[in-house]
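Read the structure below first, then the notes.
2 protein chains.
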Amino acid sequence: MSLSISEISQPVASHLEEFNVFFKVLIRSKAALLDIVLRYILKQRGKRVRPTLVFLSAAICGQITRRTYIAASLVELLHTATLVHDDVVDEADKRRGVPSINAVWKNKVAVLVGDYLLAKGLLIAVEHEEFDYLRITSTSVRRMSEGELLQIQKSRQKTLDEETYFKIISDKTASLISTCCEIGAVSTTDNSEYRKAMKDYGELVGIAFQIQDDILDYMSRSSIVGKPIGNDIREKKITLPLIYACQNAEKSKGKAIIKTLKSGKLSNQSIEEIIEFVIMNNGIIQAQEKANSIIFEAKNKIAFFPDSPAKISLLKFAEYVINRTK
Amino acid sequence: MSLSISEISQPVASHLEEFNVFFKVLIRSKAALLDIVLRYILKQRGKRVRPTLVFLSAAICGQITRRTYIAASLVELLHTATLVHDDVVDEADKRRGVPSINAVWKNKVAVLVGDYLLAKGLLIAVEHEEFDYLRITSTSVRRMSEGELLQIQKSRQKTLDEETYFKIISDKTASLISTCCEIGAVSTTDNSEYRKAMKDYGELVGIAFQIQDDILDYMSRSSIVGKPIGNDIREKKITLPLIYACQNAEKSKGKAIIKTLKSGKLSNQSIEEIIEFVIMNNGIIQAQEKANSIIFEAKNKIAFFPDSPAKISLLKFAEYVINRTK
Numbered sequence: 014m015s016l017s018i019s020e021i022s023q024p025v026a027s028h029l030e031e032f033n034v035f036f037k038v039l040i041r042s043k044a045a046l047l048d049i050v051l052r053y054i055l056k057q058r059g060k061r062v063r064p065t066l067v068f069l070s071a072a073i074c075g076q077i078t079r080r081t082y083i084a085a086s087l088v089e090l091l092h093t094a095t096l097v098h099d100d101v102v103d104e105a106d107k108r109r110g111v112p113s114i115n116a117v118w119k120n121k122v123a124v125l126v127g128d129y130l131l132a133k134g135l136l137i138a139v140e141h142e143e144f145d146y147l148r149i150t151s152t153s154v155r156r157m158s159e160g161e162l163l164q165i166q167k168s169r170q171k172t173l174d175e176e177t178y179f180k181i182i183s184d185k186t187a188s189l190i191s192t193c194c195e196i197g198a199v200s201t202t203d204n205s206e207y208r209k210a211m212k213d214y215g216e217l218v219g220i221a222f223q224i225q226d227d228i229l230d231y232m233s234r235s236s237i238v239g240k241p242i243g244n245d246i247r248e249k250k251i252t253l254p255l256i257y258a259c260q261n262a263e264k265s266k267g268k269a270i271i272k273t274l275k276s277g278k279l280s281n282q283s284i285e286e287i288i289e290f291v292i293m294n295n296g297i298i299q300a301q302e303k304a305n306s307i308i309f310e311a312k313n314k315i316a317f318f319p320d321s322p323a324k325i326s327l328l329k330f331a332e333y334v335i336n337r338t339k
Numbered sequence: 014m015s016l017s018i019s020e021i022s023q024p025v026a027s028h029l030e031e032f033n034v035f036f037k038v039l040i041r042s043k044a045a046l047l048d049i050v051l052r053y054i055l056k057q058r059g060k061r062v063r064p065t066l067v068f069l070s071a072a073i074c075g076q077i078t079r080r081t082y083i084a085a086s087l088v089e090l091l092h093t094a095t096l097v098h099d100d101v102v103d104e105a106d107k108r109r110g111v112p113s114i115n116a117v118w119k120n121k122v123a124v125l126v127g128d129y130l131l132a133k134g135l136l137i138a139v140e141h142e143e144f145d146y147l148r149i150t151s152t153s154v155r156r157m158s159e160g161e162l163l164q165i166q167k168s169r170q171k172t173l174d175e176e177t178y179f180k181i182i183s184d185k186t187a188s189l190i191s192t193c194c195e196i197g198a199v200s201t202t203d204n205s206e207y208r209k210a211m212k213d214y215g216e217l218v219g220i221a222f223q224i225q226d227d228i229l230d231y232m233s234r235s236s237i238v239g240k241p242i243g244n245d246i247r248e249k250k251i252t253l254p255l256i257y258a259c260q261n262a263e264k265s266k267g268k269a270i271i272k273t274l275k276s277g278k279l280s281n282q283s284i285e286e287i288i289e290f291v292i293m294n295n296g297i298i299q300a301q302e303k304a305n306s307i308i309f310e311a312k313n314k315i316a317f318f319p320d321s322p323a324k325i326s327l328l329k330f331a332e333y334v335i336n337r338t339k
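Same order as they appear, the protein sequences are chains A and B.
Residue numbers for the first sequence follow this note's numbering, beginning at 14 and rising by one.
Residue numbers for the second sequence follow this note's numbering, beginning at 14 and rising by one.
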């Protein structure tokens, strides 16, 4: 099976095209420097995964309306704001293959543009009196920062249990994906069963998305994903494959590997050693099984919806998340 | 006349004390690292100027209620978030005499804690269905980032006209002070004349506040303000005293001074030269006159309110803003 975002977004393709124009007009500013930065951001736009989810979630629940466009703008603004801030905190020089905002205009401009995008998103919701959107998205912002901070806190410790891992990735990654699906539903229906189903679907898909990311860090080759293998290992992060491998291995061997991981700058040989440990102790395969069962659950959440092209796409998206290689 | 914030806050002192407890409980988090950072922030709390303005603005318009406490929390969260982000963008090591968040926990934690505080503020407004607060505060966040970005943009140019200067400081500084006063009024009255008067008062006082800041940069001595003189000059900022001095001086002399200001790293001698130019050409005295006339206007905006301790304090606050030496 070959899956791609462009194939998945097919049922809402015309809306996405219209959205691109809508969004471009929306985020323009009269302030010259700001406008230049915003246009730079627009030029480097990604695959628009989040607006796609908003539109598909609206379409599975009812009719796409102008309110859906507002919802999609809100999550795209929020997502863009977090990317701009992420590049500052990670001191990243590149984003989507071109220089990051902080690399071109320095940290000061990047932090301010991020804040501007956050405020702009909230203002749009306020202006349109979309108070459900506000509640959903500000919860999401809070969860994202809490998740990141919990991860930083735990990274200083020598262990990470499965429960904490899932708490971190739910808050850090799944919250925004869940928000996309919930807000899409809210844009078109009052049916609380529909809204809850989409929220749950998004949360589960988001969790599986992050597990797959963590798996790819152990498996991918530079040429495939455009980023070097073992990034998380270099940053001394304990993720699900390693957690499972430690559970499966002899206790002393697990301890030794964690000690290696947490000790100073890692040589390429140490990284290879850790990867081998994880593979040999079924860390990757078990993480894949876990992601599979979560995706199974996610698909179940939306099974009761009547058949539609949007439903098929959302089922495909669930598969895409765990089958992607980058 | 001796003025101080503690004297000005007298009529609402008991509310401010209660607010400190209210706020402390409000911003606690179950996430350990986050909670440690939040408690660190609480310990270093400043003079609570912004909550004081919220309470006084409510008291001049009517009764202080629980809604006023929510309003005060919202602006304090917003203000704290911007301070934490400011220290990141300015690479500041200290805040209120102790190490800044970014100095203790690195940029990553600081940006995330700032985002968390923003989200937390918005969530509180959403939970209490305070949609007027949301509109007012998100406009304020947008204006603050736009103002800062306009300032950065203009700092690359060799001129700054008076009009642009006022646009920058209105957005950058006055918007949040205006928000404090407006939101305080909104917390207790529907009277649109009252709300407008407090909003305008805050905007004018905020503008004068920034003019005074810019004047102090030319006048203050390190021992008084706890920061070295000529910081703005070192950062090559053109502020009101210099704008006026250039208007008053021979054109060629003004041009020469701006050329000095904008050329590479400034020697102490060059800085002294610029300060002398500004003083000799009445830049400071004219900026003071301007601030005085703005404060006169601000006081006029609230003159129609019936006499009350809160009104006296707000009139005093207006005076304080242009008479403070730090």
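Here a beta-carbon is modelled for each residue, glycine too, at the ideal position from N, C-alpha and C.
Contacts between A/GLN166 and chain B, judged by CB atoms closer than 7 Å, involve ALA45, LEU46 in chain order. DSSP lists B/VAL111 as the beta-bridge partner residues of B/ARG108. By the C-beta density criterion, B/ASN204 is exposed, having fewer than 16 other C-beta atoms within 10 angstroms.
In the DSSP assignment, B/PRO319 falls outside any alpha helix (DSSP H) and carries neither an H nor an E. From the beta-carbon of A/ARG148, the residues of chain B found nearer than 7 Å are VAL139. Taking 4 residues as the minimum length, the alpha helix (DSSP H) runs contained wholly in the region 193-244 of chain A are 205-232, 235-238, in order along the chain. For B/SER153, the enclosing alpha helix (DSSP H) covers residues 144-168.
Close to B/GLU159, with beta-carbon spacing below 8 Å, are these residues of chain A in chain order: SER42, ALA44, LEU47, TYR129. Proximity of B/HIS98 to chain A, defined by a Cβ-Cβ separation below 7 Å, is satisfied. Residues of chain B with a Cβ closer than 7 Å to the Cβ of A/ARG155 are, in chain order, TYR129, ALA132, LYS133, LEU136.
Looking at the backbone, the Cα of A/GLY134 and that of A/ALA187 are separated by about 20 Å.
Counted as a single uninterrupted DSSP element, the alpha helix (DSSP H) harbouring A/SER27 occupies residues 26-40. B/PRO24 counts as buried, since no fewer than 16 other beta carbons sit within 10 angstroms of its beta carbon. In this structure B/ASP227 is not in contact with B/ASP213, their Cβ atoms being roughly 22 Å apart against a cut-off of 8 Å.
When Cβ pairs closer than 8 Å are counted between the two stretches, the region 94-101 of chain B is seen to touch the region 109-121 of chain B, the count reaching three or more. A/ILE181 is not a Cβ neighbour of A/VAL218, given a cutoff of 7 Å. Interface criterion met: the Cβ of A/SER151 is under 7 Å from a Cβ in chain B. Under a criterion of Cβ atoms nearer than 9 Å, the residues of chain B adjacent to A/PHE144 are, in order, VAL139, GLU142, PHE144, LEU147. By the rule that beta-carbons nearer than 7 Å mark a contact, A/LEU39 does not touch chain B.
B/THR252 sits in coil when the DSSP states are folded into three classes, being neither helix nor strand.
Around A/LEU91, no beta-carbon contact reaches into chain B at under 9 Å, the shortest distance being about 10 Å.
At a C-beta separation below 9 Å, B/LEU125 has these neighbours in chain A: HIS98, VAL102, MET157, SER158, GLU159, GLU161, LEU162, ILE165.
Taken in chain order, the complete alpha helix (DSSP H) segments of 4 residues or longer contained in the region 51-129 of chain A are 62-74, 79-102.
The beta carbons of A/GLY75 and A/THR201 sit closer together than 7 Å. Rounded to the nearest angstrom, the gap between the Cα atoms of A/PHE32 and A/TYR82 is 7 Å. In this structure, the straight-line span from the alpha carbon of A/ARG155 to that of B/GLN282 is close to 49 Å.
Taking a Cβ-Cβ threshold of 7 Å, none of the residues of chain B is close to A/LYS314; the smallest such distance is about 26 Å. In the three-state reduction of the DSSP assignment, A/LYS180 falls in the helix class, which pools H, G and I. In the DSSP assignment, A/GLU289 falls within the alpha helix (DSSP H) that extends over 281-293.
Put simply, the CB of A/LYS121 is near chain B, with a gap under 7 Å to one of its CB atoms. DSSP places B/SER17 in no alpha helix (DSSP H); its state is neither H nor E. Judged by their CB atoms, B/VAL334 and B/PHE222 are nearer to each other than the 7 Å cut-off. Here the alpha carbons of B/GLU161 and B/ALA269 stand approximately 27 Å from one another. Burial check for A/LEU90: the Cβ neighbour count within 10 Å reaches 16 or more, so the residue is buried. Membership of A/SER306 in the alpha helix (DSSP H) is indicated by the continuous run 296-314. For A/ALA269, the enclosing alpha helix (DSSP H) stretches over residues 264-275.
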